[in-house]
Amino acid sequence: MVTSEDTSPIASLPSDVLHRVFQGLPASHRFLASVSQNFRLEYALYSRRVGRSSATFLYGLSSLRQLAIFLSERTAGALECERENLDAEDPEPIDIEGRLSCYVAARAGAVHLVADRAAWRREWGDAMRCAFTARGGHLRLLRELRDEGRAWNAVTCACAARGGHEEVLRYARDRGCEWDARTCSAAAKGGHLEVLRYAHENGCDWDSRTCESAARGGHLGVLRYAHQNGCKWDERTCAGAAEGGHLEVLRYAHEHGCAWDWRTCKEAATGGHLDVLHYAHEHGCVWDADICAVAARGGHLQVLAYAHEQGCEWDWRTCTWASQGGHLDVLKYAHVHGCEWYYDTCVEAARGGHLEILQYAYENGCELYFDSCWEAAREGYHKILQYVQEHGWTCHRRTCQMPVGRGYHKIFKLVSEQGCALDGSSCEAALYSEHLKILEYLEDNRD
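In full-length UniProt numbering, the protein residues as written are 1 to 447.
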């Protein structure tokens with residue numbers, strides 16, 4: 001399977017020879033992608049043939065090329081769990097790619113890959129360099145950073161605890177690195193009982209966030225240790241357990257006197273955790289109309305049906321949020337069982353491109369509104385805009401301007417042919433956006 005672009009002698013090796021080479025390589029396509037495209041394709045075939053995962057351990061990257069490949073493949077938001085250290089508190093724009101590459105490199109123990117990058121110098125100081133290195137458990141590199149005189153702070157201990165790196169944490173503490181309650185909550189979040197025990201027995205503070213983090217992660221043993229050793233907990237502990245769908249954790253907390261409130265039921269409904277919601281409700285936890293609304297937004301029909309059948313109130317948000325999420329079965333259930341709806345149901349269907357939902361809502365008496373037309377034009381949904389217009393809604397001038405600015409030529413043509421007023425603002429928007437097809441259409445249809 002040699003491609004015409006690969007001209008090196010090694011690229012011309014037969015597939016069976018390459019596959020024998022791959023047997024001794026790390027389980028990561030990124031180690032091969034930097035060689036040639038052919039290597040990458042052949043490795044994918046090899047992985048499927050032998051039933052081996054070709055996924056890269058993210059923090060095993062060791063070159064700029066591998067780091068670049070990771071960034072090119074990354075789906076925005078896929079590493080949201082890692083963004084806990086990437087959020088900026090100031091309102092300035094965030095160079096998320098730069099920050100993420102620096103974070104990943106440090107976690108991989110490869111600070112040298114990004115040490116000279118502007119993002120590293122601008123966004124991260126010495127303390128975060130030490131912290132991210134500790135997060136990856138790279139004790140030798142942390143020692144080197146300290147030997148260079150790099151500063152550290154309590155975040156270093158928290159990051160070491162989050163990764164479960166007790167040896168790194170001990171090293172930091174033995175050399176005077178401060179710590180605070182974040183160390184215990186980080187250890188609890190990762191489910192690292194021994195790290196939590198070390199921190200607590202050596203005088204590290206903890207607070208209710210420790211129990212909350214343990215509960216959210218489903219770490220019953222960690223939660224039990226913290227509670228039995230006097231760590232405080234509050235309503236967020238039960239809410240965290242419910243959010244993660246951890247019934248046994250919730251049961252332990254409730255049976256041992258931990259308070260709960262409406263957030264427990266809401267988090268259970270949001271996540272579609274019917275067993276958790278059932279337990280909480282059966283044991284007296286309060287709920288309100290938010291329960292049905294968040295269940296509808298997530299498309300959790302069984303949760304919605306249970307809540308409604310048990311007398312939980314609902315309001316117009318149930319239908320609106322079902323429409324927003326594109327959940328036709330949920331919307332049908334709510335409407336058939338008497339849940340009220342407003343024109344927002346149609347608007348959200350138009351905004352999300354959900355034609356079947358829009359049709360169902362309108363055909364069953366839900367009111368269409370001007371905003372449905374505008375949202376369809378803004379998002380470029382030709383069929384939805386056509387449906388709205390066929391059922392009596394003509395477009396306002398603002399509707400005509402929206403597809404101009406976004407370059408939706410077909411949408412613009414449709415709304416203008418349906419009587420949308422063309423004026424100077426439409427031409428100005430087209431010129432500003434440099435959409436030639438729209439400019440040509442405006443020129444051809446000029447009065």
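Ideal Cβ positions, reconstructed from N, Cα and C, are used throughout, including at glycine.
| query | result |
| --- | --- |
| Beta carbon of residue 238 nearer than 8 angstroms to that of residue 254 | yes |
| Residue 344, buried or exposed, once every other Cβ within 10 Å from all chains shown has been counted against 16 | buried |
| Beta-carbon gap between residue 177 and residue 210 smaller than 8 angstroms | no |
| Per-residue burial, residue 290 [other beta carbons within 10 Å of its own, 16 or more giving buried] | buried |
| Residue from 350, 315, 276 with nearest C-alpha to residue 324 | 350 |
| Assigned secondary structure, residue 81 (DSSP; H/G/I helix, E/B strand, else coil) | Note on residue 81: pLDDT 39, under 50, position unreliable in the model; the coordinate value appears next. Here residue 81 sits in helix by DSSP. |
| Alpha-carbon to alpha-carbon, residue 314 and residue 269 | 13 angstroms |
| CA-to-CA distance, residue 235 to residue 226, given in whole angstroms | 16 angstroms |
| Check whether residue 316 and residue 340 have beta carbons under 8 angstroms apart | yes |
| Delimiting residues of the alpha helix (DSSP H) encompassing residue 290 | 290-298 |
| Closest residue to residue 309 among 208, 331, 278, 329 (Cα-Cα distance) | 278 |
| Other residues of its chain near residue 147: CB distance less than 7 angstroms, five sequence neighbours each side excluded | none |
| Residue 15 - DSSP class collapsed to helix/strand/coil | helix |
| Cβ distance (whole Å) where residue 385 is taken to contact residue 360 below 8 angstroms | At roughly 18 angstroms, the Cβ-Cβ gap does not stay under 8 angstroms, so residue 385 and residue 360 are not in contact. |
| Where the alpha helix (DSSP H) through residue 343 begins and ends | Segment: none, residue 343 is in no alpha helix (DSSP H) and carries neither H nor E. |
| Cβ neighbours of residue 366 in the same chain (closer than 6 angstroms, five flanking residues each side left out) | 341, 345, 346 |
| Reduced DSSP secondary structure (H/G/I, E/B, other) of residue 20 | helix |
| Beta-carbon proximity check, residue 335 vs residue 299, cutoff 8 angstroms | no |
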